[in-house]
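Per our numbering, the very first residue in the sequence shown carries number 5; after that it's consecutive.
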Amino acid sequence: MPDPNTYPAATGHERETQLRSIIESAMDAIITTDRQGRVVLFNRAAELAFGCPAARIIGHSIERLLPPRFRATHQHDMQAFAHTDESSKRMGAPRVVSALRANGEEFPIDASISQVLIGSERFFTIILRDVSAKIRSERELEAAREEIRQLAIATQTAREQEKARMARELHDELGQALMALKMDVAWLQNNLGSDPAKLTTRTLAMSALLDSTMAATRRIAADLRPLILGDLGLEPALEWLVGDFSRRHGVACELQVAPECADLADPAASALYRVVQEGLTNIARHACATGAGVHIYQRGGEVMLTLQDNGRGFDPDSSPREGSYGIKGIRERVYLLGGQVDFLSGPGRGTIVQVTLPLPPPMPQAAS
Ligand SMILES: Nc1ncnc2c1ncn2[C@@H]1O[C@H](COP(=O)(O)OP(=O)(O)O)[C@@H](O)[C@H]1O
Ligand SMILES: [Mg+2]
5 MPDPNTYPAA TGHERETQLR SIIESAMDAI ITTDRQGRVV LFNRAAELAF GCPAARIIGH
65 SIERLLPPRF RATHQHDMQA FAHTDESSKR MGAPRVVSAL RANGEEFPID ASISQVLIGS
125 ERFFTIILRD VSAKIRSERE LEAAREEIRQ LAIATQTARE QEKARMAREL HDELGQALMA
185 LKMDVAWLQN NLGSDPAKLT TRTLAMSALL DSTMAATRRI AADLRPLILG DLGLEPALEW
245 LVGDFSRRHG VACELQVAPE CADLADPAAS ALYRVVQEGL TNIARHACAT GAGVHIYQRG
305 GEVMLTLQDN GRGFDPDSSP REGSYGIKGI RERVYLLGGQ VDFLSGPGRG TIVQVTLPLP
365 PPMPQAAS
């Protein structure tokens, strides 16, 4: 390392040139004013931030760089600062201060001010940085946090509603059927010796009730957790779901699953199954459709789902009524997996729900 003492001493002029180039190359805007607030130095970064050449502001009041509502307080703050023995401080903290570009646009800044006495003349130097981008990303972060909070509340409420619905279904469907069968068994016990034809009729009715109860149990279980998804894979599980929807609501529904998606792994498979389940429920409840379609395929390393109906459509931008969690739930599921969902619809236009999910990593190969 060279010994700095061996360098020839810089002349006053050279030192000034060095200082100038340091100030000019600084990333932050540097503005110096005299005691009256007249600008005496305005570096390159300041020119860029304010959109104003130095020549146009040197000799003029710094107030031109401030939004009018801050001008009086700025004057007052500078005078107060001049009477302290502080050499520097942050400006405006904890508030965000704003400055004014030459084109009239306001922008938030992070600024510090310092003062020096040179001879009998006092100078103020403001070093500032445009923090628009930082503040914008802070606001976006805050909005994202609020959305997550809302979704968490919606999930919690939906879970409670779901439990209440399951309890009602268990009570109404299974509980009622079991009660009827219990009464049938009691009847049989009391009538064991009666006419065999009567006994046969009764047992046939019991058998039919058992069949429908078993079907209801399967349906409730499938609602709770798509067991068939784990057992059979995505395509057969969707075939069952779509078939059940068509049978129950009399709406024809076409299902197309591209071969590369037939056995998609979790969590994408579960998410798609649930989205289709909720989407079909909405078609049954709201759409008055005569036809629907589900299409799953891959494009550019992503899984795409479109679920469409020819029903009456709705305005996806209108806020949902209180207690509607179906669409919120779909959004939440998809966002959690880093995907995207769009509802393309309008009154009288049918509805398309379009989901894009990143492909899950391939399933680990079973050890042989
Ligand atoms: N396929 C559809 N066709 C027509 N309207 C729909 C459809 N899907 C959703 N909607 C509208 O969007 C609203 C919100 O749906 P959702 O969040 O699932 O709540 P919910 O089904 O409990 O009303 C529904 O009330 C309905 O007005
Ligand atoms: Mg719904």
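Where is the CB? At the ideal position from N, CA and C, for every residue including glycine.
Just checking Gly352 against ligand 1 - is the residue's beta carbon closer than 8 angstroms to any of the ligand's heavy atoms?
By 1-based counting over the sequence shown, the position of residue 352 is 348. The answer is no for Gly352.
Just the Cα atoms here: how many angstroms apart are Gly179 and Arg149?
Taking the first residue of the sequence shown as position 1, residue 179 is located at position 175. Taking the first residue of the sequence shown as position 1, residue 149 is located at position 145. When rounded, the distance between both Cα atoms is 43 angstroms.
Taking the alpha-carbon positions, what's the Glu243 to Leu259 distance?
Position 239 of the sequence shown, counted from the first residue, corresponds to residue 243. Position 255 of the sequence shown, counted from the first residue, corresponds to residue 259. Each residue's Cα considered, the two are about 7 angstroms apart.
Roughly how far, in whole angstroms, is the beta-carbon of Arg222 from the beta-carbon of Val279, given that I think they are within contact range, below 8 angstroms?
Position 218 of the sequence shown, counting from 1, holds the residue named residue 222. Position 275 of the sequence shown, counting from 1, holds the residue named residue 279. The pair is not a contact, with the Cβ atoms about 22 angstroms apart (cut-off 8 angstroms).
Apart from the five residues just before and just after Met5, which ones in its own chain have a Cβ nearer than 7 angstroms to its Cβ?
One-based indexing of the sequence shown puts residue 5 at position 1. Confidence is the limiting factor: at Met5 the pLDDT is only 49, short of 50, which leaves the residue's position unreliable, though a coordinate-based value still follows. Excluding positions up to five away in sequence, the list is empty.
Checking 9 angstroms against the spacing of the C-beta atoms, do Arg353 and Gly317 come in under that value?
If you number the sequence shown from 1, residue 353 lands on position 349. If you number the sequence shown from 1, residue 317 lands on position 313. Yes, they are a contact pair.
Of the choices Leu309, Arg143, Thr285 and Glu264, whose alpha-carbon is the least far from that of Gln358?
Reading the sequence shown from its first residue, position 354 is the one you call residue 358. When each option's Cα is compared against that of Gln358, the closest is Leu309.
Which residues in the same chain have their Cβ closer than 7 angstroms to the Cβ of Glu282, if we skip the five residues on either side of it in sequence?
On the sequence shown, residue 282 is found 278 positions in, with the first residue counted as 1. Result list for Glu282: Gly330, Gly333 and Ile334, in chain order.
By the three-class DSSP mapping on this structure, what secondary structure does Gly330 have?
Translated into positions along the sequence shown, residue 330 becomes position 326. Reduced to three states, the DSSP call for Gly330 is helix.
Could you give the residue range of the alpha helix (DSSP H) that holds Val246?
Counted from its first residue, the sequence shown places residue 246 at position 242. Segment Leu238 to His253, the alpha helix (DSSP H) holding Val246.
Less than 8 angstroms separating the Cβ of Asn286 from some heavy atom of ligand 2?
Sequence index remark: in the sequence shown, residue 286 carries index 282 (1-based). Yes; taking the cut-off as 8 angstroms, the Cβ of Asn286 has a heavy atom of ligand 2 nearer than that.
Using CA coordinates, which residue listed in Ala291, Pro324, Tyr339 and Ser136 is at the minimum distance from Ile356?
Indexing the sequence shown from 1 puts residue 356 at position 352. Taking only the C-alpha atoms, the option nearest Ile356 is Ala291.
For Leu214, which three-state DSSP category applies?
The count along the sequence shown starts at 1 and reaches residue 214 at position 210. Note: Leu214 maps to helix in three-state DSSP.
Are Thr159 and Ile34 close, meaning C-beta to C-beta below 9 angstroms?
As a first step, residue 159 is located in the sequence shown; it is residue number 155 there, counting from the start. As a first step, residue 34 is located in the sequence shown; it is residue number 30 there, counting from the start. No; because the gap between Cβ atoms is not below 9 angstroms, this pair is not in contact.
Looking only at its own chain, which residues have a Cβ that is under 6 angstroms from the Cβ of Ala272, when we skip the five neighbours before and after it?
For this step, residue 272 is matched to residue 268 along the sequence shown. The residues are Val307, Leu361 and Pro364.
I want to know whether the segment 156-174 touches the segment 128-146 - three or more CB-CB distances under 8 angstroms.
Touching, no.
Which class does Ala115 belong to by DSSP, given the choice of helix, strand or coil?
For the purposes of this step, residue 115 is taken as the residue at position 111 of the sequence shown. Strand, per DSSP.
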